[in-house]
Amino acid sequence: MSKATETLQAAQKRGMEGRPKVGGFPYLAETLRRAGVTRNLWDLPSCQSLYLTQDGPVVTQGAPLISGIADVPAFNKEALIKALRTDQAGESTFPEFLAASWRAGVVRYDVNLGARTVAYYGCNREEYIESYQAVEID
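For what it's worth, our numbering labels the leading residue of the sequence shown as 210, then goes sequentially.
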């Protein structure tokens, strides 16, 4: 296992163990940022996640949201914002958030840990960018 993979896994574990139920994403993101992760690029519906780190890139493959062939939902900013607010309130699991984002027409998203932004994209170049607050962690 590479240093990049080991560092990422350790940071993910720390971030998941310490994050609060409500508003947990900024805590996890800060944990990853401090471990040297600069970006996290997600492709939906495959649930492939690419982490760009100071030690090198690492990819993870989650459980895909669909199998076979499927129509891509139209980008729906309001539905995406609803999915975000539900997740931020601690009222959904991460897999539920990913599924709701897909249903809202998100085909990929880009977490920029330095800028503290997440950009969500539809297949026709639609875009919604949201900032998240800085948090203090131990």
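Even glycine gets a Cβ: it sits at the ideal position worked out from N, Cα and C.
Assigned with DSSP and collapsed to three states, T262 falls in strand. Three or more beta-carbon pairs drawn from the segment 271 to 290 and the segment 303 to 310 are found closer than 8 Å, and the two stretches are therefore classed as touching. The C-alpha of R317 is placed about 10 Å away from the C-alpha of E336.
The DSSP-derived three-state label of D296 is helix. Taking the C-beta atoms as reference points, R248 is found no nearer than 7 Å to L237.
Check the Cα spacing between A219 and each of K230, T240, G233: the tightest is with T240.
Taking the CA atoms as reference points, K230 sits about 9 Å from Q297. CA-to-CA, the gap between M225 and S258 works out to about 16 Å. Note on geometry: alpha-carbon atoms of R325 and D319 lie some 11 Å from one another.
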